[in-house]
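K.L.:
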Amino acid sequence: MSVVVTGLAGIGLTRALTGLGRRLPEAARAPWARRNHAGVPVTLLEGPVVVLAAAATATTGARDAGTALVVLAPGLLGGLDDLVGDGTTKGLHGHLGALRRGRVTTGALKILGLGATAVLAAHLETRGSTRQGVGQSVAGTAVDAVVVAGTANLVNLLDLRPGRALKVTTTAGALLSVPRSARPLGVTLVGVGLGALPEDLAGETMLGDCGANALGALVGLALVRGLGPRGRLAVAGVVTGLTLLSERVSFTRVIESTPVLRELDAWGRSR
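If you're matching positions, the sequence shown starts at 172 in my numbering and goes up one per residue.
1) Under DSSP, the alpha helix (DSSP H) around residue 430 begins and ends at which residues?
2) Would the segment 214-229 and the segment 405-414 be scored as touching if the rule is three or more Cβ pairs under 8 Å?
3) Whole angstroms is fine: what's the gap from residue 373's alpha carbon to residue 310's?
4) Tell me residue 376's beta-bridge partners as DSSP assigns them.
5) Excluding sequence positions up to five away, which residues of its chain have a Cβ less than 6 Å from the Cβ of residue 385?
6) Which residue marks the beginning of the alpha helix (DSSP H) containing residue 186, and which one marks its end?
7) Using only alpha-carbon positions, find the residue among 215, 253, 177 and 323 that is nearest to residue 231.
8) Between the Cα of residue 397 and the Cα atoms of 379, 296 and 425, which residue gives the shortest distance?
9) Just verifying my parser: in three-state terms, what is the DSSP assignment at residue 224?
10) Can you tell me where the beta strand (DSSP E) holding residue 204 begins and where it ends?
11) First and last residue of the alpha helix (DSSP H) that includes residue 411?
12) Which whole-angstrom value describes the C-beta separation of residue 318 and residue 364, a residue pair presumed to lie in contact below a C-beta threshold of 8 Å?
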């Protein structure tokens, strides 16, 4: 599909699925009901909406197993955590610590599943590239896997205020629409993001783990396709550093204490 058609398809599918979600019976909507940071009722149905819209938009007209994988698998894993996760154990340290003590949390399953998904997707990308030699192939796969899994996690960490995570994924999508190799994924991110933003900014819906992990992984795959080896290595280093930093530092506190970031974060928000 052309860039314009892809973008419009992303917007249109997201809007259509959002409307469909509103018409679901209350029994189907109830498991996705939550309260946001301000105690306002929201629905996490935005997550399944963006997963379905992104998967359909990005893969229409192309046999792209890697794209389907990085959208659907993180979406399913995140949805499982949204629906049955206990919410008391948080962060890599918390979930992996529980796993070491013999307690398997849905968050730990998601971490392991995201890692496996990222490795498989990275392998598919490496296999289809021109990288030479076993060593280069293994190293490239490892770096690409870190990029995909790391961005999936980081976007999830940002989904704490209305519009925040979608602003990041939509902006990233716009930038990644420049390199031809990443353009279909970048335009998909823009279209789906614009389609989901109105209700998200209004504080009516949230991506949840389902949507945030899926869109984050799609950003990661677009980075893998759009950047050269040094660029991917740099991104892998940045996302690893930010992931480790998030265990000790509140990103929300940093954003709210930085005037420029605070204004960008609040832009368009009605609540």
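We put the CB at the ideal spot given by N, CA and C, even for glycine. The model shown is predicted, which means the values in this text are computed figures rather than measured ones.
P.N.:
If we stick to the structure as given:
1) 430-437
2) no
3) 43 Å
4) 214
5) 222, 242, 245 and 246
6) 174-193
7) 177
8) 296
9) helix
10) 204-206
11) 400-417
12) At roughly 19 Å, the Cβ-Cβ gap does not stay under 8 Å, so residue 318 and residue 364 are not in contact.
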